[in-house]
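Under the working numbering, the first residue of the sequence shown carries the number 1419, and numbering increases by one thereafter.
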Amino acid sequence: MSDTATLSPTSLGNAPYDVERVRQDFPILTRLVHKRKGRPGKPLVYLDNGASAQKPRQVIDAMSHLLENDYANVHRGVHFLSQRSTDLYEGTRDKVAAFLNAPSRENIVFTRNATEAFNLLAQSWGRRFLKAGDAVLISWMEHHANIVPWQLLRDQIGIEIKVVPVLDDGSLDMSAYAQLLTDNVKLVSITHASNVLGTVNPAKRIAQLAHAKGIPVAFDGSQAAVHQPVDVQAIDADFYVFTGHKLYGPTGIGVMYGKMEHLNAMPPWQGGGDMISTVSFAHTTYREAPYRFEAGTPAIVEGIGLGAAIDYVTALGMDAIHAHEQRLLAYATGRLSEIDGVRIIGTAPDKAAIISFTMDGIHPHDIGTLLDSRGVAVRVGRHCAEPLMDRFGVGATARASFAAYNTEAEVDALVDAVLATKSFFG
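Structure representation (structure tokens):
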């Protein structure tokens, strides 16, 4: 196998988006689920992409190839395999920078996931630049990963947390947002796209309003970076966070982009190997950003898997993926809206390919179980967004989230399963 043999989608060329060809790259999509003696099984209809996307062969092969041929610990090794692994691993930093249109590879910090990135932001930037009485402004639609780290910091140093309300259609209340940008707000930390509602927030406008008052802005891009092109310079993000496993890459690898003036002013969060310049018992000096934030042996294999995933979606084209998913979103929204008793939570005009819904008289866990019996995998529960569930007066929802490999036929399978669920409960 050559070093680049698995980095492009199967024979796409310049042809129009061909979802059936894309599906050939995902081995798991041919799986039959609930296959037992006397039962042939159900074709997998995987609509749980908002939780974690499936992996193309190109990512699987890149990770296997490293383990079989080039694996060694990265950084500082002088032997061939260490240098080879380091080049491949650090190559992902270049790919992430290009993927986000970051000014430099040094803007890219690797973390375990988006959650760790927000904890890093809170415990490094927050502890350095916030004090008791200062406020962090978040929104009602945040994932717990962008709520709890700020609560921990509040309990540690006495900051305040302010919350931007959400309108009934799931849009961010931009009028309230502008009014909440008071003098004590020192950071806006807000999702780019909601993992429950699908709402895509106006990131550039959010940043413009905050920057007009000298307030930096951090975005949770865990959902947005999967569904659409992201340009951190165009939206003028101070920080931008996403995770690899939703972007067709492996778990255990995430990204925090930061402007260099922020990263260079932030102290290390964790200490240990690889983030140091010199160590003595009396004093330790630290490397420059981004390496000062990457203590210990990193997720080498996962990092290279993320690089392969970025190669994959780049070859497909994020614009093409976005257009395909928007067609699915429109089709699924139309079909589900026709079913009596189905309530879609989140109907903002600008949405990522995510639909959360409830059914009259049927608990979401029962919805998920009965859909699963027909091979349709959705996520049910509170989606790590409990305040948002309370805002819309629901205990939980079922969530179907679409990806580059989903089809209209799978939307039909979802709708058929929902109708069967409704019929089952009479």
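Cβ atoms here follow ideal geometry from the backbone N, Cα and C, with glycine treated the same way.
By a C-beta neighbour count over all protein chains shown, 10 Å radius and 16 as the cutoff for buried, is Arg1863 buried or exposed?
Within the shown structure, residues of the chain are numbered from 1419 to 1844, placing residue 1863 beyond reach of any answer.
Output the distance between the C-alpha atoms of Ala1643 and Asp1443, rounded to the nearest integer angstrom.
The sequence position of residue 1643 within the sequence shown is 225, counting from 1. The sequence position of residue 1443 within the sequence shown is 25, counting from 1. Rounded to whole angstroms, Ala1643 to Asp1443 spans 20 Å at the Cα level.
Quick check on Val1697: buried or exposed, where buried means 16 or more other Cβ atoms within 10 Å of its Cβ?
Indexing the sequence shown from 1 puts residue 1697 at position 279. Per the 10 Å Cβ criterion, exposed.
Cβ-based burial, Ser1774 [other Cβ within 10 Å; buried from 16]
Here residue 1774 refers to the residue found at position 356 of the sequence shown. Result: buried.
Delimiting residues of the alpha helix (DSSP H) encompassing Leu1747:
Taking the first residue of the sequence shown as position 1, residue 1747 is located at position 329. First-last of the alpha helix (DSSP H) with Leu1747: 1736 to 1755.
Do the stretch 1657 to 1672 and the stretch 1719 to 1735 meet, that is, are 3 or more Cβ pairs less than 8 Å apart?
yes
Is the stretch 1444 to 1457 touching the stretch 1754 to 1768 in the sense that three or more CB pairs, one from each, lie closer than 8 Å?
no
Between the C-alpha atoms of Val1584 and Val1659, what's the straight-line distance to the nearest angstrom?
For the purposes of this step, residue 1584 is taken as residue 166 along the sequence shown, with counting starting at 1. For the purposes of this step, residue 1659 is taken as residue 241 along the sequence shown, with counting starting at 1. So the alpha carbons of these two residues sit roughly 22 Å apart.
Can you give the Cα-Cα distance for Ala1835 and Ala1550, rounded to whole angstroms?
Here residue 1835 refers to the residue found at position 417 when the sequence shown is read from its first residue. Here residue 1550 refers to the residue found at position 132 when the sequence shown is read from its first residue. So the alpha carbons of these two residues sit roughly 52 Å apart.
Alpha-carbon to alpha-carbon, Asn1824 and Thr1438:
In the sequence shown, counting from the first residue as 1, residue 1438 sits at position 20. In the sequence shown, counting from the first residue as 1, residue 1824 sits at position 406. Correcting the residue identity first, residue 1438 is Glu in this sequence and not Thr. Between Glu1438 and Asn1824, the C-alpha separation is close to 9 Å.
Look at Ala1766 and Leu1747 and say whether their C-beta atoms are less than 8 Å apart.
As a first step, residue 1766 must be located in the sequence shown, where it is residue number 348. As a first step, residue 1747 must be located in the sequence shown, where it is residue number 329. Taking 8 Å as the Cβ cut-off, Ala1766 and Leu1747 do not qualify as a contacting pair.
Going straight from the alpha carbon of Asn1682 to that of Ile1780, what length do you get?
Translated into positions along the sequence shown, residue 1682 becomes position 264. Translated into positions along the sequence shown, residue 1780 becomes position 362. Asn1682 and Ile1780: Cα-Cα distance of roughly 52 Å.
Just the Cα atoms here: how many angstroms apart are Thr1609 and Ala1520?
Against the sequence shown, residue 1609 aligns to sequence position 191. Against the sequence shown, residue 1520 aligns to sequence position 102. If you take the alpha carbons of Thr1609 and Ala1520, they lie about 19 Å apart.
From Glu1524 to Ala1838, what distance separates their C-alpha atoms?
As a position in the sequence shown, residue 1524 is number 106, starting the count at 1. As a position in the sequence shown, residue 1838 is number 420, starting the count at 1. Cα-Cα distance, rounded: 52 Å.
When the Cβ atoms of the stretch 1635 to 1654 are set against those of the stretch 1784 to 1795, are three or more pairs found closer than 8 Å?
no
Just how far apart, CA to CA, sit Glu1486 and Thr1669?
Position 68 of the sequence shown holds residue 1486. Position 251 of the sequence shown holds residue 1669. If I take the Cα positions, the gap works out to 20 Å.
Rounded C-alpha distance that separates Ala1490 from His1645
As a working note, residue 1490 is residue 72 in the sequence shown. As a working note, residue 1645 is residue 227 in the sequence shown. Cα-Cα distance, rounded: 33 Å.
State the Cα-Cα distance for the pair Val1603 and Asp1552, rounded to the nearest angstrom.
Taking the first residue of the sequence shown as position 1, residue 1603 is located at position 185. Taking the first residue of the sequence shown as position 1, residue 1552 is located at position 134. Taking the straight line joining both Cα atoms gives about 6 Å.
Among Tyr1595, Ser1542, Asp1587, which one has its Cα closest to the Cα of Leu1570?
Taking the first residue of the sequence shown as 1, we reach residue 1570 at position 152. Out of Tyr1595, Ser1542, Asp1587, Ser1542 has the C-alpha closest to the C-alpha of Leu1570.
Inter-residue Cα distance where the pair is Ala1636 and Ser1607
Locating residue 1636 in the sequence shown gives position 218, where the first residue counts as 1. Locating residue 1607 in the sequence shown gives position 189, where the first residue counts as 1. Approximately 5 Å, taken between the alpha carbons.
Euclidean distance between Cα positions of Thr1732 and Ala1827:
Within the sequence shown, residue 1732 is the residue found at index 314, counting from 1. Within the sequence shown, residue 1827 is the residue found at index 409, counting from 1. Their backbone Cα atoms lie some 25 Å apart in a straight line.
In terms of DSSP beta bridges, what is Gly1672 paired with?
For the purposes of this step, residue 1672 is taken as the residue at position 254 of the sequence shown. Note: Gly1672 sits in a beta bridge opposite Thr1529, Thr1661.
With H, G and I counted as helix, E and B as strand and the rest as coil, what does DSSP make of Phe1810?
Taking the sequence shown and counting its residues from 1, the one referred to as residue 1810 is at position 392. DSSP places Phe1810 in coil when its eight states are reduced to three.
Test item: CB-CB of Val1477 and Gly1723 under 8 Å
Counting from 1 along the sequence shown, the entry for residue 1477 is found at position 59. Counting from 1 along the sequence shown, the entry for residue 1723 is found at position 305. Yes, the Cβ-Cβ distance between Val1477 and Gly1723 is below 8 Å.
Quick one: any contact between the stretch 1456 to 1470 and the stretch 1816 to 1823, if contact means 3 or more CB pairs under 8 Å?
yes
Name the two residues that bound the continuous beta strand (DSSP E) containing Val1554.
By one-based count along the sequence shown, residue 1554 stands at place 136. Here the beta strand (DSSP E) through Val1554 covers 1553 to 1557.
Am I right that Ile1672 and Thr1661 are in contact with their C-beta atoms under 8 Å? What's the rounded C-beta distance?
Numbered from its first residue, the sequence shown carries residue 1672 at position 254. Numbered from its first residue, the sequence shown carries residue 1661 at position 243. Residue identity differs from the one stated: residue 1672 is Gly in this sequence, not Ile. Going by Cβ atoms, the distance from Gly1672 to Thr1661 rounds to 4 Å, so yes, they are a contact pair.
From Pro1458 to Gly1764, what does the alpha carbon distance come to, in whole angstroms?
What you label residue 1458 is simply residue 40 of the sequence shown in a count that begins at 1. What you label residue 1764 is simply residue 346 of the sequence shown in a count that begins at 1. So the two alpha carbons sit approximately 37 Å from each other.
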